[in-house]
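Quick notes on the structure that follows.
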Amino acid sequence: MIAPLKDIIPAERARSTSFNEASARTRLELLLDAGSFVEFIGPEQREVSPHLRIFDLPEQFDDGIVVGHGRLDGSPVFVAAQEGRFMGGAFGEVHGAKLTGLLRAAREIGSIPVLILFDTGGVRLQEANAGELAIAEIMRAVMEARIAGAKVIGLIGGRSGCYGGGGLIAGCCSALAVSEPGRIAVSGPEVIETNRGVEEFDSRDRALVWRTMGGKHRRLLGAADVFADDTVQDFREAALELLSLVGPFGLDGLRAEQARLADRLRSFGGCEDAVDIWTAEGIAHAERVPELSADLFIALANRIGRTSRDAR
Amino acid sequence: MTLDDVLASLFPDGHDVRNDEGVVLGSAVLRSGTGMLVVGIADRTALGIDEAIRLSGYVLESVGRDTGPILVLVDSDSQRMSKRDELLGLNEFLAHLAKVLIHADMNGRATIGLLYGHSAAGALLATGLATRVLVGLPGADPAVMDLPSMAKVTKLSMEALEEKAKSTPVFAPGLSNLARMGAVHMTWSSAVSLAGQMEALLADMPAVQDKRDALGKERGGRVKAVDIAERVRDLALQTR
Amino acid sequence: MSVIEKTAAVVTPSEARQSADAAAQIERREGAKVMTSWQTGRAARDARIAAGAGLAHGKIVEAKDATRLLEAVIRPGDRVCLEGDNQKQADLLSRALLAVDLSRVKDLHMVQSGVVLPEHLDLFDRGVAKRLDYAYSGPQSARIARMLFGGKIELGAVHTYLELFARYFIDLTPHVALIAAVSADREGNLYTGPNTEDTPTVVEATAFKDGVVIAQVNEIVEKVPRVDIPADRVQFIVESDKPFFVEPLFTRDPAAITEGQILTAMLAIKGIYAPYGVQRLNHGIGFSTAAIELLLPTFGERLGLKGLIATHFALNPHPALIPAIESGWVRQIHSFGSEVGMDEYIRARSDVYFTGPDGSLRSNRAFCQTAGLYACDMFIGSTLQIDLQGNSSTVTTSRIAGFGGAPNMGADARGRRHPSEPWLKAGAEADPDSPAPLRRGRKLVVQIGETFGDKNVPLFVEKLEAIELAEKLKLELAPVMIYGDDVTHIVTEEGLANLLLCRTAQEREQAIRGVAGYTDVGRRRDRNMVACLRERGVIRRPEDLGINPLDADRSLLAARSIKDLVRWSGGLYSPPSKFRNW
Amino acid sequence: MEDLNFQHRARARAGGTRQSAIVGVVASGNLEVLVERSLPDADCALEIKTAAVGFGEVWSAVIDDFVERYSPGGLKFSINDGGARPDTVSLRLAQAVRLIEGNGQ
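Residue numbers (numbering that gives the first Met the number 0), protein chains in the order written: chain A, 0 to 311; chain B, 0 to 239; chain C, 0 to 581; chain D, 0 to 104.
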């Protein structure tokens with residue numbers, strides 16, 4: 000007989016577990032203080048999508064999102080984690096409503112932050128209208144929660160990325176942490192290729208996809224303030240760091256964001272490719288950025304990367 | 000209705016609203032004397048980073064100067080689906096526009112969306128769906144997802160999709176479907192003056208609180224959303 | 000006896016048909032002594048070269064003249080080897096050949112190992128080529144099946160690589176070879192680089208039997224990094240405007256490896272590699288064998304097997320093997336071809352790989368196939384269908400993927416004479432009663448796979464689709480990848496069947512059914528007989544091997560993503576874009 | 000979609016005290032298993048909604064073996080299946096039992 004294979008303590012598990020590869024439930028289990036997670040409307044409640052059966056498609060008991068509360072370094076947090084493998088983590092009616100309800104509670108309480116572990120392709124096609132509207136409600140609820148003083152932190156490193164309306168919700172958050180495999184965009188690579196031709200965007204050129212939408216580019220642009228290596232433990236540390244960094248939301252932040260984005264457009268509006276942007280930012284051998292290890296990249300980003308702190 | 004028709008009917012006494020390559024910016028005064036900031040996207044223009052930053056900037060500049068409501072006119076394409084827009088962070092530009100509108104609404108500048116043409120996906124989220132009240136005009140044809148694309152992804156025929164669309168408003172394009180979802184609060188008549196309908200709305204503006212899920216339940220379009228959201232909210236509040 | 004009859008006796012009928020000018024080479028004296036020329040082939044070759052020389056400066060022909068060159072050199076009915084390996088493709092020359100004037104070049108007999116590019120089949124659609132002898136057609140397997148059914152292709156035979164190479168020297172010698180190299184010097188010395196693959200074999204057969212060799216090269220240089228093909232074997236060089244196409248065929252993304260594949264890999268390591276002490280082996284390209292490669296430094300290490308198993312490989316440079324190499328498991332690897340993105344890693348690990356004086360990999364498909372056949376004690380690979388006798392096939396009625404090298408890897412070499420522990424042990428299991436000095440050993444030929452494949456298609460079938468296909472195409476042989484009598488073990492997630500220990504056809508059938516899971520074949524097992532086989536150790540379940548299926552977890556993989564492989568390689572492995580998520 | 004239901008008698012009650020557990024995810028070739036301790040000790044029930052129609056016999060065989068091997072008395076299994084292969088089904092069922100028998104995870 001061989002020794003049992005799983006004799007590792009939780010913190011080590013978090014350090015050795017890829018965030019990208021883990022399920023939504025595993026991400027939460029390892030992100031939060033051990034044993035602290037309590038789910039709201041768990042799978043045993045069987046609150047499934049009422050619409051998938053119209054398309055003869057299988058349902059999932061949690062409709063692809065796990066919401067609840069737990070503790071992070073002892074402090075209470077609300078959490079929501081999308082399961083990117085179920086229908087691409089897409090927003091449907093129930094899926095979206097769970098997150099909306101969580102954010103509304105955060106608004107009322109004001110002091111408990113919300114962590115959203117994005118993993119989504121955007122709107123769920125089979126319930127497109129409900130999904131679109133759910134995203135609109137979530138964007139509104141994020142802003143209301145922030146105005147009420149709650150911090151809303153997005154963690155992006157799942158396999159489905161953070162696309163479509165998910166990208167817009169991420170844009171509403173107080174701050175984002177992103178890992179290298181994480182992607183943030185509105186239109187997906189295939190959609191751009193279909194609309195503009197393979198000459199403009201070859202969706203199968205994954206290096207192109209990642210340097211246009213991937214975590215490193217988003218960090219350098221300042222869309223995300225913290226770059227996490229792809230382990231659950233790194234995301235835990237990133238979440239803690241962001242919670243300590245984020246200030247209150249207000250008009251000044253929006254004005255700063257307007258200036259930040261206008262400056263980006265002025266500075267890089269003529270760039271053809273991410274490498275041109277990185278080069279313009281003064282990075283020598285910018286084409287090598289995708290190859291950099293997490294440590295080296297974080298050092299580079301801390302030196303050269305922009306920030307959206309107090310400007311979002 | 001065309002943009003000019005809409006503006007003429009809303010502001011029969013004239014207005015100062017310009018359409019610059021699909022980006023609509025300006026202001027007007029209603030007969031009641033209420034001044035309105037007018038922004039929008041016209042001529043079925045795709046909403047990209049260049050358009051979004053102008054719209055958000057225009058609204059932000061008015062903060063502190065103006066106090067009246069903000070009208071968002073919508074006849075757009077989808078978000079602009081290009082490498083350049085995504086490279087530069089289209090999601091941030093669209094979210095920023097939505098945030099500016101939501102912030103204004105919550106700070107005393109009621110926002111009204113007027114959907115008079117097309118819109119879709121990210122463009123609708125950043126404009127009409129980011130307002131407190133979204134009004135539809137007859138003939139508006141929003142489409143979160145068009146049926147041919149859906150047919151491709153779901154591998155169902157157009158006929159099968161159209162058949163399914165008869166029994167549910169949840170996926171098919173169209174103003175009435177969005178209305179049943181609770182996304183479109185009301186549909187005005189184009190036979191009577193829009194100005195009068197606008198005055199009536201402003202006189203009886205719903206509260207700031209987002210009630211679209213309740214509306215969706217009331218209209219039978221989204222039967223679960225409001226209850227699920229309420230239940231999660233209640234459970235979360237108990238942890239306090 | 001007339002002159003013509005005598006000629007026909009020397010030359011095969013097909014050669015007589017195609018070499019109209021050969022007849023003119025034969026000197027005839029009416030009513031007097033008959034003189035036969037014995038150098039007609041050389042004369043014909045010289046005539047071909049002369050015809051092409053007008054387009055060349057020295058040996059170099061511009062890319063735009065490639066089609067005219069082929070029209071000048073190739074004759075109707077010629078046997079042509081258009082180098083299509085399973086990785087490297089002479090793509091410029093295949094496009095050039097497709098564009099020839101049909102009044103000058105037609106009805107060719109293509110003798111090439113890989114039918115991979117669409118152009119390879121377009122040749123038949125257009126009438127440039129008529130007859131085909133080949134070995135592998137992976138990406139074109141569906142279209143080639145349609146064309147065979149439609150009569151567009153006159154099929155000689157589907158071969159294994161080694162078999163086709165052998166026939167290049169006996170009865171399928173090319174008149175013209177169109178090959179691909181990385182670079183050439185002005186003399187015509189070629190550097191074929193890491194993807195040398197078939198080139199030396201093709202050139203050997205063509206150049207030394209009066210054929211013409213035309214090479215497309217990525218660049219012409221003053222001095223090639225090393226001489227893979229000497230200049231006097233090459234008649235024409237065409238400089239291509241872009242590098243020849245290479246398919247990354249052996250890259251398996253660890254992210255796609257399933258728990259089921261990990262379980263089968265654990266069973267194979269503990270149930271076969273360990274007890275037989277398999278050190279010299281070849282792996283197939285499936286995910287199950289990739290899982291084995293990635294379990295060596297973790298699961299294998301815990302079992303204390305390092306140095307005892309999997310030390311010498313006949314294997315392409317699989318990226319999935321990087322962690323095992325870096326952990327010191329692997330001593331030596333000889334390769335059929337290379338793999339995209341592995342060049343720098345290989346260069347830095349010359350203790351493990353075969354490299355030239357320039358430092359880059361030297362692969363050679365013919366030698367590596369021979370090594371796999373004679374010097375390896377085990378082949379382990381996946382297949383699409385296995386029948387009740389253990390015959391396996393990757394052919395379905397709509398797809399003919401060819402054989403490639405698996406039948407040579409997965410066959411007992413009857414000519415083998417050197418002993419080794421696994422070989423002798425397997426021989427003894429198969430035939431316990433013969434006296435040891437006279438008993439042949441057996442190569443371990445292992446089929447590994449999950450009982451259901453993609454889209455729930457069962458691995459185990461009562462009758463191979465290959466048989467149906469053979470009936471439809473009126474083939475004398477069904478395209479069987481590995482014959483049942485060569486298979487020694489079958490591993491699935493349900494367990495491991497050791498067919499060496501079966502004494503009757505019935506036992507063999509039940510041993511196969513006994514690991515066939517919930518497929519129809521598996522559910523129709525004789526439960527008592529299967530239980531009995533398990534007691535005898537013919538069938539072994541995970542628990543019989545001390546393996547808990549619940550431990551088959553992805554955390555066991557030494558690398559769980561392509562990125563992990565890059566990290567293991569210290570940044571030396573540079574995967575192609577389609578495998579990246581960064 | 001096809002609905003399948005199976006009722007079994009189990010030799011013994013499943014171990015542990017946990018009331019419910021969930022494993023897996025609904026995706027192509029994958030499934031989720033929700034297991035709840037809600038039946039009399041000798042009973043076991045499985046409710047399956049599967050996207051792969053016409054595999055009732057295979058399910059039946061998989062579940063027979065599973066019940067025989069793990070004796071999941073008192074447990075109710077609710078399954079949403081995206082067309083998983085039988086070996087994946089067996090694995091998820093076993094994982095579900097391990098999880099509900101363990102003390103948390």
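Every residue gets a Cβ at the ideal spot worked out from N, C-alpha and C, and that includes glycine. Just so you know, these numbers come straight off a predicted model, no measurement behind them.
{"query": "Whole-angstrom distance between ALA43/C and ALA21/C, CA atom to CA atom", "result": "At ALA21/C, the pLDDT of 45 sits below 50, so the modelled position is not reliable; the number obtained from the coordinates is stated separately. Using only the alpha carbons, I get a separation of about 7 Å."}
{"query": "Within chain A, the residues that THR110/B reaches when beta carbons sit closer than 8 Å", "result": "Simply none; closest approach about 11 Å."}
{"query": "Enclosing beta strand (DSSP E) for ILE271/C [first to last residue]", "result": "No beta strand (DSSP E) contains ILE271/C, which DSSP labels as neither H nor E."}
{"query": "CB contact check: ASN363/C to chain A, cutoff 8 Å", "result": "no"}
{"query": "The region 69-91 of chain A: positions lying closer than 8 Å to chain B by Cβ", "result": "PRO75 and PHE77"}
{"query": "Chain D within 8 Å of GLU11/A, Cβ atoms only", "result": "no"}
{"query": "Contacting positions in the region 288-306 of chain A - beta carbon closer than 8 Å to chain C", "result": "PRO289, GLU290 and SER292"}
{"query": "Chain A within 8 Å of ARG230/B, Cβ atoms only", "result": "yes"}
{"query": "Straight-line gap, PRO457/C to GLU508/C (C-alpha atoms, nearest Å)", "result": "16 Å"}
{"query": "Contacts of GLU179/A in chain C (Cβ-Cβ under 9 Å)", "result": "LYS562, ASN580 and TRP581"}
{"query": "Interface flag, PRO42/A vs chain D, CB-CB below 8 Å", "result": "yes"}
{"query": "Buried or exposed by the 16-neighbour rule on C-beta atoms within 10 Å, applied to VAL191/B", "result": "exposed"}
{"query": "Alpha-carbon spacing of VAL586/C relative to ASP100/C, whole angstroms", "result": "Lying before the first or after the last residue shown, residue 586/C is absent from chain C, which here runs from 0 to 581."}
{"query": "For ARG287/A and LEU571/C, the rounded distance between their alpha carbons", "result": "13 Å"}
{"query": "LEU97/C to GLY150/C span [Cα, whole Å]", "result": "19 Å"}
{"query": "Span of the beta strand (DSSP E), counted from its first residue to its last, around TYR517/C", "result": "TYR517/C -> no beta strand (DSSP E), and no H or E assigned at all."}
{"query": "Where PRO49/A meets chain E, residues with beta-carbon distance less than 7 Å", "result": "No chain E appears in the structure shown, which is made up of the protein chains A, B, C and D."}
{"query": "Contacts that ASP55/A makes with chain D (C-beta to C-beta distance below 7 Å)", "result": "MET0"}
{"query": "Contact list for ASN128/A against chain B, beta-carbon separation under 8 Å", "result": "VAL143, PRO168, VAL169, PHE170, ALA171, ASN176, LEU177, MET180, ALA182 and GLY220"}
{"query": "Bridge partner(s) assigned by DSSP for ASN18/B", "result": "VAL23/B"}
{"query": "Expected contact under 8 Å - CB spacing of GLY14/D and ALA41/D to nearest Å", "result": "At roughly 15 Å, the Cβ-Cβ gap does not stay under 8 Å, so GLY14/D and ALA41/D are not in contact."}
{"query": "Beta carbon proximity, SER59/A to chain B, threshold 8 Å", "result": "The identity of residue 59/A in the sequence shown is Gln, whereas the question assumes Ser. Cβ-Cβ to chain B under 8 Å: no for GLN59/A."}
{"query": "Contact with chain B by PHE36/A, beta-carbon distance below 8 Å", "result": "no"}
{"query": "Through-space distance from GLU325/C to SER292/A, alpha-carbon basis", "result": "19 Å"}
{"query": "Top-ranked residue by Cα proximity to GLY299/C, from GLY283/C, PRO322/C and SER576/C", "result": "PRO322/C"}
{"query": "Under 8 Å (Cβ pairs) to chain A, residues found in the region 245-260 of chain C", "result": "ALA254"}
{"query": "Counted within 10 angstroms of its Cβ, other Cβ atoms place LEU92/C as buried (16 or more) or exposed", "result": "buried"}
{"query": "Distance, PRO289/A Cα to GLY414/C Cα", "result": "51 Å"}
{"query": "ASN194/C and SER349/C closer than 8 Å at C-beta", "result": "no"}
{"query": "Partner residues on chain A for ALA125/B, Cβ-Cβ distance less than 8 Å", "result": "LEU167"}
{"query": "Opposing strand residues paired with GLY494/C [DSSP bridges]", "result": "THR491/C"}
{"query": "Complete runs of the alpha helix (DSSP H) confined to the region 61-138 of chain A [at least 4 residues]", "result": "92-108"}
{"query": "Residues bridged to PHE226/A (per DSSP)", "result": "VAL177/A"}
{"query": "Any C-beta of chain C under 8 Å from that of ALA20/D", "result": "no"}
{"query": "Residues within the region 198-226 of chain A neighbouring chain B, beta-carbon criterion of under 7 Å", "result": "GLU199, PHE200, THR211, MET212, LEU220 and ALA222"}
{"query": "CA nearest to the CA of GLY536/C, picked from TYR517/C, ASN497/C and TYR344/C", "result": "ASN497/C"}
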